[in-house]
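As you go down the protein sequences, you meet chains A and B in turn.
Going by my numbering, the first sequence opens with residue -7, and the numbers climb by one from there.
Going by my numbering, the second sequence opens with residue -7, and the numbers climb by one from there.
All remarks here apply to the structure that follows.
There are 2 protein chains.
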Amino acid sequence: MLRLTQSEENYLKAIFTLSQDTEGAISTNELAEKMLTKASSVTDMLKKLCEKELLEYQKYQGCALTNEGKSHALAIIRKHRLWETFLVDKLSFGWDEVHEIAEQLEHIQSTELTDRLDEFLGFPKVDPHGEPIPGKDGRIESVSNRILLSESVVGMRAIIMGVEDDQTEFLQYLNKIGLHLGTQIDILDKLNFDGSIIVMINDKQVQFSITIAKQISIKPL
Amino acid sequence: MLRLTQSEENYLKAIFTLSQDTEGAISTNELAEKMLTKASSVTDMLKKLCEKELLEYQKYQGCALTNEGKSHALAIIRKHRLWETFLVDKLSFGWDEVHEIAEQLEHIQSTELTDRLDEFLGFPKVDPHGEPIPGKDGRIESVSNRILLSESVVGMRAIIMGVEDDQTEFLQYLNKIGLHLGTQIDILDKLNFDGSIIVMINDKQVQFSITIAKQISIKPL
DNA sequence: TTGAATTTTTAGACTAGTCTAAAAATTGTT
DNA sequence: AACAATTTTTAGACTAGTCTAAAAATTCAA
Chain A
-7 MLRLTQSEEN
3 YLKAIFTLSQ
13 DTEGAISTNE
23 LAEKMLTKAS
33 SVTDMLKKLC
43 EKELLEYQKY
53 QGCALTNEGK
63 SHALAIIRKH
73 RLWETFLVDK
83 LSFGWDEVHE
93 IAEQLEHIQS
103 TELTDRLDEF
113 LGFPKVDPHG
123 EPIPGKDGRI
133 ESVSNRILLS
143 ESVVGMRAII
153 MGVEDDQTEF
163 LQYLNKIGLH
173 LGTQIDILDK
183 LNFDGSIIVM
193 INDKQVQFSI
203 TIAKQISIKP
213 L
Chain B
-7 MLRLTQSEEN
3 YLKAIFTLSQ
13 DTEGAISTNE
23 LAEKMLTKAS
33 SVTDMLKKLC
43 EKELLEYQKY
53 QGCALTNEGK
63 SHALAIIRKH
73 RLWETFLVDK
83 LSFGWDEVHE
93 IAEQLEHIQS
103 TELTDRLDEF
113 LGFPKVDPHG
123 EPIPGKDGRI
133 ESVSNRILLS
143 ESVVGMRAII
153 MGVEDDQTEF
163 LQYLNKIGLH
173 LGTQIDILDK
183 LNFDGSIIVM
193 INDKQVQFSI
203 TIAKQISIKP
213 L
């Protein structure tokens, strides 16, 4: 397998995740924003990754991962989520403390290590934030009837199934209001003018902005 | 604490280990050989590390770590040895399979992670090769009456206490002849002309060159 | 459908780390 | 103490990844 730099790996991962909720090609600017870098840097990297056949790229037309590129991205995501699971399950870190460390650990090169870690953890299906962990073969087991909190309807009762993992402060906030994986919630109301959602959590009312509601996934009961 | 690149960390570690068995300053060439690089590259790096006050360096006079530099080096060695212990104890790797992976893991930046790993492993005192693991504070507990096999005398009976960890093939060879930590050996003979040592291991006679004998440490019984 | 706004690319520069080749300093030997 | 051998440094170049500023392409709106 092609050996990649950390930077190349980070680009692949970013393109993959952006592709998850975007139809068609990913634009240079979109990617630059995600990578906290400049469009010109992105262009350079796209040329290089295209050269290596990890993605398709045509000037001014954005990019899309090839199968090769996708499987690289999935391998990195697999490592990231396995390491997060290790940190929480074995080293007792909080779910809000592991993202940064996993960002480093995901670049460790050794398939053997990854697979043994997977086994050591008991082949977990999801990471501490509820995100599915891709298998050895890169397959992600589809998670049943999950929707975003932003797509819920008033009156619904649901279970918290997953949250975005990349903002420490967001996770700390969830901790503070007592929201964890498996927590039961009731959708009390939605405000039409700004999309805010009012939710009952452990007998307390909490209001989520639409931005937050898009970062939480739930399973309706 | 000062943030260092992987390359800078590798130089510090190399200088530290070379200093262990060399009196006075480490020469540029010596370091270049250890780092598998050119003397000119070493000179550049020494200037940079001197600038950062991690070592003392004067043109043509070699270098020596400052206390700051030493404690950085010890922190990296601590991480390396803890990760090796993790790989062998928890993920069932062989002692001959872990060096390369630990070379990557030793650069993960998180003191919290290191200390929790230490705890998870039960605060081990030595790694799978018998090398002592520096503590949080950088202190290495002195290992009692260990000598190099090369310094043994004929007729001596001893226990294997440690081996160099950085050559996979050497470790595989030791596996093959049934030599592990704790194995008992008898020194049968030493050949004056080349320094070879003939040893009895599990009722089998084995001959070690002086080069090998310097990479094995023992405790006389 | 054309001109303005936006997006994207190019050109050129910078840093970190490395290299080769040549110059300079040190060391060793007589 | 002087010269030869060795070691070390300097000078200049290269790659990867990034940046700024300017040019080019695309998109959008009147």
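Ideal placement from N, C-alpha and C gives every residue a C-beta, glycine not left out.
What you are looking at is a predicted structure, and each value in this text was computed from that prediction instead of being measured.
| query | result |
| --- | --- |
| Under 9 Å from the C-beta of Ser188(B): neighbouring residues of chain A | Under the 9 Å cutoff, chain A gives no residues; its nearest Cβ is about 36 Å from Ser188(B). |
| Per-residue burial, Met(-7)(A) [other beta carbons within 10 Å of its own, 16 or more giving buried] | exposed |
| 6 Å CB neighbourhood of Lys182(B) in its chain, flanking five on each side removed | Val146, Ile189 |
| Short Cβ contact (8 Å threshold) for Gly174(A) with Ile152(A) | yes |
| Bridge-paired residues (DSSP) for Asp181(A) | Ile190(A) |
| Lys5(B) and Ala65(B) closer than 8 Å at C-beta | yes |
| Stretch pair the segment 56 to 65 of chain B + the segment 3 to 17 of chain B: three plus CB contacts closer than 8 Å | yes |
| Contact between the segment 197 to 208 of chain A and the segment 131 to 150 of chain A (3+ Cβ pairs under 8 Å) | yes |
| Beta-carbon proximity list for Leu113(B), same chain, < 7 Å, skipping 5 on both sides | Leu74, Thr77, Phe78, Asp81 |
| CA nearest to the CA of Phe85(B), picked from Leu97(A), His91(A), Thr103(A), Arg70(A) | Thr103(A) |
| Proximity test, Cβ basis, 8 Å: Leu109(B) and chain A | yes |
| Neighbouring residues, chain B, relative to Phe112(A) (Cβ below 7 Å) | Lys82, Leu83 |
| From Pro124(A), Asp36(A), Gly130(A), Gly16(A), residue whose alpha carbon lies closest to that of Ser136(A) | Pro124(A) |
| Assigned exposure category for Gly16(A) - 16 Cβ within 10 Å defines buried | exposed |
| Boundaries (first-last residue) of the beta strand (DSSP E) holding Lys211(A) | 208 to 212 |
| Interfacial residues, the segment 73 to 105 of chain A to chain B, with Cβ spacing under 9 Å | Leu79, Lys82, Leu83, Ser84, Phe85, Glu89, Glu92, Ile93, Gln96, Leu97, His99, Ile100, Gln101, Ser102, Glu104, Leu105 |
| Own chain partners of Met148(B) with C-beta closer than 6 Å, once the 5 adjacent residues on each side are dropped | Ile179, Pro212 |
| Pairwise C-alpha distance: Thr106(B) and Phe115(B) | 11 Å |
| Exposure of Arg131(B), with buried meaning 16 or more beta-carbon neighbours within 10 Å | exposed |
| Burial state of Thr20(A) (16 or more Cβ within 10 Å) | buried |
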